[in-house]
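If you read the protein sequences in the order shown, they are chains A and B.
For the first sequence, position 236 matches number 380 in my numbering, and the numbering has no gaps at all.
For the second sequence, position 33 matches number 665 in my numbering, and the numbering has no gaps at all.
Glycine included, each C-beta is placed from N, C-alpha and C at the ideal position.
Here the structure is a predicted model, which means the values were calculated and not measured.
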Amino acid sequence: MIYLDNGATTFPKPQSVINSVNLALRNYGANPGRGGHKLAIKASEKVYETRKSLAEFFKISDPSNVIFTHNCTEALNFVIKGLVKSGDHIVISSLEHNAVSRPVEKLKSRNVSYTVAEVIEGDNEQTLSNFRNAIRENTKLLVCTYASNVFGIKVPVERICAMCHQYGILTCVDAAQASGIIPIDLSDSSIDYLCVAGHKGLYAPMGTGALIINCETIPDSLVEGGTGSNSQNLVQPEILPDKFESGTPNFSGIIGLKSGIDFVNRRGLLNIYHHEINLIKHAYNSLKSMKNVKLYTDEPNMNYYAPVLSFNIEGKDSETVSDILSTRYNIATRAGLHCAPLAHKSLGTFDIGTVRVVPSVFTTNNDINSLINAVYRINTNP
Amino acid sequence: MDNLLRLPSVTQAMRARDILRSYGINSKLQRIPAGRGHTSCSYGLLINNNISRAVEILRKNNIKVLGRAL
């Protein structure tokens, strides 16, 4: 199968990731951070190596500020629900995934309000102005995606976060679609909390993610339990990362994450980004020339887009097109709303959804040509 | 055992070990036995010499040392 659903999770995983997970489960699969026996220490060392790799990857100095989570959604929940209190206000973007919009919606029942700031494609000044206008006196937190998981539109997050700091507002960025593809340097950044998916652009197994804390304000914990530390005390430890890592971690996934980061580093982040955006450009320009095929953005480029493309064929709903691509042409895409109803409302596709194409480092030009030919046939042979 | 530094977690112990190594001080990570001036579930660094300097270096690097295992 030609797999173009890498926005959901990358597939296949690199052989090095598969090998490392295999090795971990076979050779040192003890519970890390608990016991003192050699295998437990070895497992702890391996987990710490991944923590250091993530810290280096996103350029923070203290690996303790890397919190392992089960996915990006969990990291976002840790920040959003761990920081805001009754009476607080949150600003989010119009391109958010439900990983952000559902938690903030849920918080309405706890007297927390939120405002959606409209992202204007290709007009960063207007976007910034919209965010500024969304700020209120009681705004505590900004939560914003780095790039839309539906349309690939990059949000000028650094500028928005810098502006928020001028108002004393904490900033949280959802980098689910960006991490491992777009360089993110927290050493010179106004991003306070970066939420990362491990299983997408970092090529780790599913069940991996991270919260990277880049400020002094530490959210409350949402989950309490055993951390392997300070066990005599019934109060959850405040020390990082233990405060947020109760219970046995996804050890094999974390080991795979280290290999995934190593893989991305070997390939080169910018090489991967360049490769994938060129594939998307190729698909975009070919689909654009087809009558009845509807695209929703300007031609993607590295300045303003992540390598994500959405399209529709007029007269056919997105689920049907995606199903034909799968059953007849053996091509995996993702149809519908992509868990991002706000983004679809913003670009006018809420009622019909879109067919989404997301390449990976393993996607070839021939794969995209197969997609283009398949769409052409679906379009011309109803 | 007064050359065994107690640290708040395994992550902090490993970070401390790396920092000390960068200053040329070798240490060994180990679990601290219960009954040595504290209850169970903590990790420490066994340091053979320069322990006062090690403590000073860790403090300068914002690593919380809980004490020495006695």
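Would you say residue i reaches chain A, if we count a Cβ-Cβ gap shorter than 8 Å as a contact?
i, result
"residue 647 of chain B", "yes"
"residue 661 of chain B", "yes"
"residue 684 of chain B", "no"
"residue 641 of chain B", "yes"
"residue 654 of chain B", "no"
Look at the alpha carbon of residue i and the alpha carbon of residue j, and state the distance between them as a whole number of angstroms.
i, j, result
"residue 168 of chain A", "residue 177 of chain A", "15 Å"
"residue 401 of chain A", "residue 192 of chain A", "12 Å"
"residue 307 of chain A", "residue 281 of chain A", "14 Å"
"residue 466 of chain A", "residue 200 of chain A", "39 Å"
"residue 149 of chain A", "residue 393 of chain A", "27 Å"
"residue 505 of chain A", "residue 294 of chain A", "19 Å"
"residue 129 of chain A", "residue 470 of chain A", "Residue 129 of chain A is absent from the model: chain A starts at 145 and stops at 526."
"residue 425 of chain A", "residue 232 of chain A", "42 Å"
"residue 434 of chain A", "residue 313 of chain A", "46 Å"
"residue 366 of chain A", "residue 226 of chain A", "7 Å"
"residue 368 of chain A", "residue 376 of chain A", "14 Å"
"residue 499 of chain A", "residue 172 of chain A", "42 Å"
"residue 184 of chain A", "residue 698 of chain B", "22 Å"
"residue 163 of chain A", "residue 284 of chain A", "44 Å"
"residue 507 of chain A", "residue 487 of chain A", "26 Å"
"residue 286 of chain A", "residue 170 of chain A", "43 Å"
"residue 222 of chain A", "residue 464 of chain A", "37 Å"
"residue 431 of chain A", "residue 292 of chain A", "20 Å"
"residue 680 of chain B", "residue 397 of chain A", "36 Å"
"residue 640 of chain B", "residue 648 of chain B", "11 Å"
"residue 303 of chain A", "residue 692 of chain B", "33 Å"
"residue 489 of chain A", "residue 438 of chain A", "16 Å"
"residue 456 of chain A", "residue 521 of chain A", "14 Å"
"residue 316 of chain A", "residue 278 of chain A", "16 Å"
"residue 228 of chain A", "residue 273 of chain A", "24 Å"
"residue 337 of chain A", "residue 395 of chain A", "23 Å"
"residue 154 of chain A", "residue 288 of chain A", "22 Å"
"residue 152 of chain A", "residue 638 of chain B", "43 Å"
"residue 381 of chain A", "residue 415 of chain A", "41 Å"
"residue 301 of chain A", "residue 268 of chain A", "10 Å"
"residue 429 of chain A", "residue 443 of chain A", "8 Å"
Strictly by DSSP, which residues pair up with residue i?
i, result
"residue 454 of chain A", "A/500"
"residue 662 of chain B", "B/676"
"residue 353 of chain A", "A/213, A/341"
"residue 317 of chain A", "A/288, A/338"
"residue 699 of chain B", "B/638"
"residue 233 of chain A", "A/257, A/283"
"residue 476 of chain A", "A/147"
"residue 298 of chain A", "A/291"
So is residue i in contact with chain B if we call contact Cβ pairs under 8 Å?
i, result
"residue 385 of chain A", "yes"
"residue 391 of chain A", "no"
"residue 224 of chain A", "no"
"residue 185 of chain A", "yes"
"residue 208 of chain A", "yes"
"residue 324 of chain A", "no"
"residue 358 of chain A", "no"
"residue 381 of chain A", "yes"
"residue 373 of chain A", "yes"
"residue 172 of chain A", "no"
"residue 177 of chain A", "yes"
"residue 188 of chain A", "yes"
"residue 397 of chain A", "no"
"residue 353 of chain A", "no"
"residue 276 of chain A", "no"
"residue 192 of chain A", "yes"
"residue 369 of chain A", "no"
"residue 180 of chain A", "yes"
"residue 472 of chain A", "no"
"residue 521 of chain A", "no"
"residue 195 of chain A", "yes"
Exercise for the section: Specify whether the stretch 347-361 of chain A and the stretch 208-215 of chain A touch according to this definition: at least 3 beta carbon pairs, one from each stretch, less than 8 Å apart. Expected result: yes
Exercise for the section: Please go through the stretch 400-465 of chain A and give each complete beta strand (DSSP E) segment of 3 or more residues, from N-terminal end onward. Expected result: Listed in chain order, the complete beta strand (DSSP E) runs (minimum 3 residues) inside the stretch 400-465 of chain A are 437-439, 453-457.
Handout entry: Segment contact flag, the stretch 485-500 of chain A with the stretch 335-349 of chain A, C-beta cutoff 8 Å, min 3 pairs
Key = Contact between the stretch 485-500 of chain A and the stretch 335-349 of chain A is absent, because fewer than three Cβ pairs lie under 8 Å.
Exercise for the section: Count the C-beta pairs between the stretch 474-491 of chain A and the stretch 223-242 of chain A that are closer than 8 Å, then say yes if the count reaches three, no if not. Expected result: Yes, the stretch 474-491 of chain A touches the stretch 223-242 of chain A.
Practice task
Would you check if the stretch 675-691 of chain B and the stretch 656-666 of chain B touch, i.e. whether three or more CB-CB distances between them fall below 8 Å?
Solution key: yes
Handout entry: Inter-stretch contact at 8 Å, needing at least 3 Cβ pairs: the stretch 514-521 of chain A / the stretch 313-322 of chain A
Key = no
Handout entry: Segment contact, 8 Å Cβ cut-off, at least three pairs: the stretch 682-695 of chain B with the stretch 646-658 of chain B
Key = Short answer: they touch.
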